[in-house]
Every structure is written in structure tokens, then in C-alpha cells.
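In the numbering used here, the protein residues as written are 6 to 144.
Cβ coordinates follow ideal geometry from the N, Cα and C atoms, glycine included.
Below you'll find the structure, written out as C-alpha cells, and then a few comments.
This is the structure:
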């Protein structure tokens, strides 16, 4: 039986700033009862987060729309990802959580391994974690 893949042994960046984090926001998420002619809930969430990011700035984080994070039962969904770090996927969010989403994404971006302790997460992100994916191993 093969042993689990080891994380990349290649030299890692010295600081998280050398590998900016990406916050993916699912723009195709929809909520039951939403007007089908109105922008989807995921699009509204992305716009709220992008607007908050534009106000606050911060080169350590990119906010990117994603077509689908396949977390449909927990809409709206986001994912925090960066090379060499754990990836976190959260659900059950809406545009009122934009500031909290940026807070957790910045904590993620400042972390060398991507791990954001539960106690450090804003309340809206403590209960919505749906997945934590380990970093990819070296090829």
C-alpha cells in the first residue's frame, strides 16, 4: 500500500505575502425564493465582498468570481486558497457577511499554512465551514 503523498519538499516562500491568497466567491449560487430575474445571491455576495475589498485595499488577497463551487446545498459559498496552504470552503453566507469574509480571508492570507483557528474566525465563518482540503503534494 502506498503511503500518503508528502507535502511539497521544494523551498517554500519565506512569507505569505510572496504567495498571495485567492478568495473565490461562487457567483452562481442561488437561494430558494430568489427572483429568477434578479442577480443571483452568489453574484450579490461577490459584489459586496469586492466592494469591501476595494474600500479596504490589501495586496495580500485577490477576490475572484467562480462559476460554481459545487456547494449548492450550502449557498452561498466561498473558498480561500493559496499555493502550499490548506484550502478552506465555507457556505451558508450572504452579502451581510462581506466584512467577516474579508477578515477570515486576510487571516488565511497571513497564515503560512492556511490554517485559521476556529476561535479566530468571525462568527459568520465559524459555523459555515464545509471542507478543509490539504495542500497539493509535489508532482
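Check residue i in the structure and name its three-state DSSP category.
i, result
"residue 14", "Below a pLDDT of 50, predicted positions are generally treated as unreliable, and residue 14, at 49, falls in that range; no measurement from the model is reported."
"residue 108", "helix"
"residue 117", "coil"
"residue 55", "helix"
"residue 103", "helix"
"residue 78", "helix"
"residue 36", "coil"
"residue 97", "coil"
With distances taken from CA atoms, which of the options is nearest residue i?
i, options, result
"residue 136", "79, 95, 80 and 51", "95"
"residue 119", "105, 104 and 140", "140"
"residue 101", "92, 25 and 53", "53"
"residue 93", "37, 124 and 133", "133"
"residue 27", "37, 66, 38 and 60", "66"
"residue 138", "39, 88 and 105", "88"
"residue 29", "115, 123 and 110", "110"
"residue 114", "129, 84 and 103", "84"
"residue 116", "76, 90, 105 and 37", "90"
I'd like the list of long-range same chain contacts for residue i, defined as Cβ closer than 6 angstroms, with 5 residues on each side in sequence excluded.
i, result
"residue 35", "45 and 46"
"residue 97", "79 and 133"
"residue 129", "102 and 105"
At what residues does the alpha helix (DSSP H) containing residue i begin and finish?
i, result
"residue 128", "128-131"
Would you list the one or two residues that DSSP bridges to residue i?
i, result
"residue 50", "In DSSP, residue 50 forms no bridge with anything."
"residue 92", "138"
How is the beta strand (DSSP E) around residue i delimited, first residue to last?
i, result
"residue 84", "83-86"
"residue 67", "66-71"
"residue 28", "26-31"
Excluding five sequence neighbours on each side, which residues of the same chain lie with their C-beta closer than 8 angstroms to the C-beta of residue i?
i, result
"residue 25", "64, 65, 66, 67, 87 and 114"
Can you name, in chain order, every residue of its own chain whose Cβ lies under 7 angstroms from the Cβ of residue i, other than the five neighbours on each side?
i, result
"residue 73", "31 and 33"
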